[in-house]
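Okay, so here's the structure we're looking at.
Numbering (this note's numbering), first residue to last: 3 to 182.
Take a look at the structure:
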């Protein structure tokens with residue numbers, strides 16, 4: 003079974019938008035083989051990042067739990083503290099009747115500092131600022147946090163694989179203490 007999985011995130015064109023999204027640094031390198039930013043789009047592609055070096059590998063393994071840490075860095079470019087940053091995968095009209103999105107998709111969260119080895123896992127539709135990756139549960143102006151994606155095809159249903167026609171959107175919701 004091979005399947006390529008891509009997540010597109012449309013971002014505001016203004017570099018000083020309330021939340022900035024950018025490929026996260028991985029393994030000490032500013033390059034991220036799974037994330038590409040082109041104009042106003044941040045694209046996460048969960049396939050072989052090395053081209054032909056991975057024996058034509060694509061997608062995620064069926065009947066497995068696959069973790070991609072430090073995919074995207076979210077930066078607070080605003081003037082208010084962000085008190086909630088919720089990540090949720092939603093289905094886009096695909097026939098995924100047996101797929102439980104909350105059991106299938108999870109997120110990792112980690113700090114953006116020099117020591118990003120400590121990673122915390124959260125369920126789909128969770129506030130990543132509630133993790134210990136963010137010490138005080140608040141993303142203050144100028145602060146950032148990394149997130150990654152976990153695809154759990156052991157507990158997620160649908161016979162241990164994602165539907166071939168599956169289409170999913172990552173919805174990011176940010177809230178501030180002052181909703182003005």
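Heads up, the beta-carbon is just placed ideally off N, CA and C, and yes, glycines get one too.
* Could you tell me whether the region 27 to 41 touches the region 78 to 88, using the rule of 3 or more Cβ pairs below 8 Å? => The region 27 to 41 vs the region 78 to 88: no contact.
* Asked: So is residue 61 buried or exposed if we call it buried at 16+ other beta carbons inside 10 Å?
  -> Buried.
* Straight-line CA distance for residue 165 to residue 107? -> Their Cα atoms are separated by approximately 14 Å.
* To do: Give me the Cα-Cα distance between residue 42 and residue 86, rounded to the nearest whole angstrom.
  => Residue 42 and residue 86 have their C-alpha atoms spaced approximately 23 Å apart.
* Please report how far the alpha carbon of residue 72 lies from the alpha carbon of residue 162, in whole angstroms. => Each residue's Cα considered, the two are about 25 Å apart.
* **Candidates 101, 124, 67: closest to residue 167 by CA position** => Answer by Cα proximity: 101.
* Can you check whether the CB of residue 74 is closer than 8 Å to the CB of residue 121? -> Not in contact: residue 121 and residue 74 (Cβ atoms no closer than 8 Å).
* Alpha-carbon spacing of residue 171 relative to residue 46, whole angstroms -> Their backbone Cα atoms lie some 11 Å apart in a straight line.
* Nearest residue (CA-CA) to residue 114, options 146, 88, 92 -> Nearest of 146, 88, 92 to residue 114, Cα basis: 146.
* If I'm right that residue 156 touches residue 34 with Cβ under 8 Å, what's the distance once you round it to whole angstroms? => Not really, about 26 Å apart at Cβ, beyond 8 Å.
* To do: Could you name the residues of the same chain whose beta carbon sits closer than 8 Å to that of residue 178, not counting the 5 residues immediately before and after it, in chain order?
  => Leaving aside the five residues that flank residue 178 on each side, the residues in its chain whose CB is nearer than 8 Å to its CB run, in chain order, 80, 82, 83, 84, 85.
* **Under the three-state DSSP convention, the category residue 167 falls into** => In the structure shown, residue 167 falls within a coil segment according to DSSP collapsed to helix, strand and coil.
* Asked: Are the beta-carbon atoms belonging to residue 23 and residue 44 less than 8 Å from one another?
  -> Yes, the Cβ-Cβ distance between residue 23 and residue 44 is below 8 Å.
* Asked: Excluding the five sequence neighbours on either side, which residues of its own chain have a C-beta within less than 8 Å of the C-beta of residue 140, listed in chain order?
  -> Only 83, 84, 85, 131 meet the Cβ criterion.
* Through-space distance from residue 19 to residue 153, alpha-carbon basis -> Here the C-alpha atom of residue 153 lies approximately 29 Å from the C-alpha atom of residue 19.
* Asked: Would you call residue 92 buried or exposed, if buried means 16 or more other Cβ atoms sit within 10 Å of its Cβ?
  -> Per the 10 Å Cβ criterion, exposed.
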